[in-house]
Amino acid sequence: MKILVDTNVLISAIAFLGKPMYVIRRLIEEGHMLCVTSYIAEEFHRKVRLKWPGRADDIFTAYQDIGFVFLQSTDQRLGKLRDIKDIPVLSDALYH
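Reading the sequence shown from the start, the letters are residues 61 to 156 in our numbering.
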């Protein structure tokens, strides 16, 4: 199964470890394809540099070592959501 992982899940899993990282590792072990789009990757990098500048390099190394499949984001904007920042993520999920 292809699973799109959003920025908040990435941060919870990689910066704080715990249950989100356990779930990500388990999904990969079971053969699921964990995907991150270019929009999500950019947002993740921006938030990590802002919140944890001293740990950013370590967080990015852990992120790259996980084995996500990276996808190009679509320029199409699909759906209507209360939080407009989530529309690109929804659009990518629907597109891919």
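Note that beta-carbon positions come from the ideal geometry of N, C-alpha and C, so glycine has one too. Fair warning: this is a prediction, and the values are worked out from it, not measured in the lab.
(message) Less than 8 Å between the beta carbons of Ile147 and Lys107, yes or no?
(response) Stepping through the sequence shown from its first residue, residue 147 is reached at position 87. Stepping through the sequence shown from its first residue, residue 107 is reached at position 47. No, the pair does not count as a contact, with Cβ atoms beyond the cut-off.
(request) In angstroms with no decimal places, state the Cα-to-Cα distance between Lys79 and Val69. (result) Against the sequence shown, residue 79 aligns to sequence position 19. Against the sequence shown, residue 69 aligns to sequence position 9. So the two alpha carbons sit approximately 10 Å from each other.
(request) For Thr121, name the three-state secondary structure that DSSP assigns. (result) Locating residue 121 in the sequence shown gives position 61, counting from the first residue. Residue state, collapsed to three classes: helix.
(request) Express the C-alpha separation of His105 and Trp112 in angstroms, rounding to a whole number. (result) By one-based count along the sequence shown, residue 112 stands at place 52. By one-based count along the sequence shown, residue 105 stands at place 45. Roughly 10 Å separates the two Cα atoms.
(request) Give the straight-line distance between the Cα atoms of Ala73 and Val149, rounded to the nearest whole angstrom. (result) On the sequence shown, residue 73 is found 13 positions in, with the first residue counted as 1. On the sequence shown, residue 149 is found 89 positions in, with the first residue counted as 1. Their backbone Cα atoms lie some 18 Å apart in a straight line.
(request) Could you check which residue in Asp66, Thr134, Arg85 has the C-alpha nearest to that of Cys95? (result) Position 35 of the sequence shown holds residue 95. Ranking Asp66, Thr134, Arg85 by Cα distance to Cys95 puts Asp66 first.
(request) Output the distance between the C-alpha atoms of Gln124 and Arg142, rounded to the nearest integer angstrom. (result) Translated into positions along the sequence shown, residue 124 becomes position 64. Translated into positions along the sequence shown, residue 142 becomes position 82. About 31 Å.
(request) Check each candidate in Met61, Leu131, Ala75 and name the one with the smallest Cα separation from Tyr99. (result) Here residue 99 refers to the residue found at position 39 when the sequence shown is read from its first residue. The candidate whose alpha carbon is nearest that of Tyr99 is Leu131.
(request) Count the other CB atoms, across all protein chains shown, that sit within 10 Å of the CB of Asp118; report buried if there are 16 or more and exposed otherwise. (result) Position 58 of the sequence shown, counted from the first residue, corresponds to residue 118. Under this definition Asp118 is an exposed residue.
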